[in-house]
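Visitor:
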Amino acid sequence: MQPSGYRQTSPGRLDATFAALADPTRRAILARLAAGDASVAELSQPFDISQAAVSKHLKVL
41 MQPSGYRQTS PGRLDATFAA LADPTRRAIL ARLAAGDASV AELSQPFDIS QAAVSKHLKV
101 L
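Dropping the structure here:
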């Protein structure tokens with residue numbers, strides 16, 4: 041019996057999710073977005089990366 045609310049997820053999808061979350065910058069971006077909406081410019085400020093790089097991270101997420 042599966043726990044209530046459990047949905048079967050394919051191994052490939054889990055791999056992609058964990059790969060996306062393996063990057064510390066992406067985890068930091070997610071943490072910032074959990075606090076509220078932010079523009080790409082706002083997200084790039086605490087990191088030493090361009091807005092284009094932040095956009096690429098967001099695409100992966």
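So the sequence shown is numbered by our numbering: it starts at 41 and just counts up by one.
From the three backbone atoms N, C-alpha and C, an ideal C-beta is built for every residue, glycine too.
Fair warning: this is a prediction, and the values are worked out from it, not measured in the lab.
Whole angstroms is fine: what's the gap from A56's alpha carbon to R72's?
Guide: Within the sequence shown, the letter at position 16 stands for residue 56. Within the sequence shown, the letter at position 32 stands for residue 72. In a straight line, the C-alpha of A56 is about 21 Å away from that of R72.
Visitor: Please state whether DSSP places A68 in a helix, a strand or coil.
Guide: The sequence position of residue 68 within the sequence shown is 28, counting from 1. The answer is helix: DSSP assigns A68 an H, G or I state.
Visitor: Quick one: residues in its chain with C-beta nearer than 7 Å to the C-beta of A74, no 5 flanking neighbours on either side, listed in chain order?
Guide: Position 34 of the sequence shown, counted from the start, is the residue given in the question as residue 74. Once the five neighbours on either side are set aside, A74 has no close Cβ partner at all.
Visitor: Along the alpha helix (DSSP H) that carries L98, what are the first and last residues, could you check?
Guide: Along the sequence shown, read from residue 1 onward, the residue named residue 98 stands at position 58. Its alpha helix (DSSP H) spans residues Q91 to V100.
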